[in-house]
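Engineer: Heads up: the sequence shown begins at 40 in my numbering, then just goes up one per residue. By construction, the Cβ of each residue, glycine as well, lies at the ideal position given by its N, Cα and C atoms. I'd like to ask some things about the structure below.
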Amino acid sequence: MAAVDSSIIGVALVVNVILLFGLAFWVRGRIATSEDYLVAGRRLGVPLAATTLFATWFGAGTLLVATDEVRAEGLRAAALDPIGAGLCLLLAGAFFAAPLWRMKLLTLVDFYRVRFGPRAETLGALLMVPGYFGWIAAQFVALPVGLSCAVCALAAYLGFSRGFGRAAPLVAEA
40 MAAVDSSIIG
50 VALVVNVILL
60 FGLAFWVRGR
70 IATSEDYLVA
80 GRRLGVPLAA
90 TTLFATWFGA
100 GTLLVATDEV
110 RAEGLRAAAL
120 DPIGAGLCLL
130 LAGAFFAAPL
140 WRMKLLTLVD
150 FYRVRFGPRA
160 ETLGALLMVP
170 GYFGWIAAQF
180 VALPVGLSCA
190 VCALAAYLGF
200 SRGFGRAAPL
210 VAEA
C-alpha cells in the first residue's frame, strides 16, 4: 500500500505544479510593477484578500505549532493557539490596516523607511530576514502534511460517495 500512497501524492504534486504554472502563464501579462506582483495591484476583493490572509496566518506555521503542542502537552495545550493568531489578525486589521493601506506600503520595512529613514529600513530588513527563513521552512515541512490530508480527503470522498471499495482501506491506513 505504500507504493499506492506515494503514487497518489506524486500525481497530486504534478497536478498542483501544472495548475500553478498554468495560472502563472495566464497572469504573466498583467504584472507590470512590483505592486502588481506583491499585492495584486491593490485590486483584490475582500473575500480573496481575507482568504489569503487566513491561509497565511492559519497555515503551516500554526498547524506545526499546534500539533507540536498537542504532542507534548495534550489537546488542551493547543486550544488557544488559533484564538491568539485570530485575535492578532483582527487587532492588526482594526487598528493598522487602513493607515498602512493609505500609505501605499508594500512591506513592513517600507514603513520604517517612511517613518525613520533608510537606515532603519535596512536594519529592519536585516533583522527580519532570518525569521523568514524559519517561516519558510515551516511552510515546506507542512506541505506534505497538507497534501496527504487532501489526498486522504479525496480518497474518502471517492470511496464513500462514489462507492469505490478500494479507497476505504487506503484511508484507513493513512
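(1) Jot down the residue ranges of each uninterrupted alpha helix (DSSP H) in the segment 135–182, minimum 4 residues, whole runs only, in chain order.
(2) Using only alpha-carbon positions, find the residue among Ala124, Arg154, Gly125, Leu126 that is nearest to Pro138.
(3) Just confirm the distance between the C-beta atoms of Val78 and Leu145, as a whole number of angstroms; I'd bet it's less than 8 Å.
(4) For Tyr76, does the count of other Cβ atoms within 10 angstroms reach 16, so buried, or fall short, so exposed?
(5) Secondary structure at Ala79, three-state DSSP: helix, strand or coil?
(6) Could you tell me the distance, in whole angstroms, from the CA atom of Gly204 to the CA atom of Asn55?
(7) So, helix, strand or coil for Thr72, using DSSP?
(8) Within 10 angstroms of the Cβ of Gly94, are there 16 or more other Cβ atoms? Answer buried if so, exposed if not.
(9) Here's the rule: buried if 16 or more other CB atoms are within 10 angstroms of the residue's CB, otherwise exposed. What is Tyr151?
(10) So is Ala111 buried or exposed if we call it buried at 16+ other beta carbons inside 10 Å?
(11) What is the DSSP secondary structure of Gly84, reduced to helix, strand or coil?
(12) Which whole-angstrom value is the C-beta distance of Glu74 and Gly80, which I expect to be below 8 Å?
Structural biologist: The relevant details are as follows:
(1) Entirely contained in the segment 135–182, the alpha helix (DSSP H) runs reaching 4 residues are, in chain order, 137–141, 147–155.
(2) Ranking Ala124, Arg154, Gly125, Leu126 by CA distance to the CA of Pro138 puts Arg154 first.
(3) Sure, about 6 Å apart at Cβ, within 8 Å.
(4) Classification of Tyr76: exposed, given that the 10 Å Cβ count is below 16.
(5) Ala79: helix per DSSP, three-state reduction.
(6) Any answer about Gly204 is weak, because its pLDDT of 49 lies below 50 and its placement is not dependable; what the coordinates show is given next. The alpha-carbon atoms of Gly204 and Asn55 are separated by roughly 26 Å.
(7) DSSP places Thr72 in coil when its eight states are reduced to three.
(8) Before going further, note that residue 94 is Ala rather than Gly in the sequence given. Residue environment for Ala94: exposed (fewer than 16 other C-beta atoms within 10 angstroms of its C-beta).
(9) Counting the other CB atoms within 10 Å of its CB gives Tyr151 a total of 16 or more, which places it among the buried residues.
(10) Ala111 is exposed by the Cβ-count criterion.
(11) Reduced to three states, the DSSP call for Gly84 is coil.
(12) Between Gly80 and Glu74 the Cβ distance is about 6 Å, and since that is below 8 Å, they are a contact.
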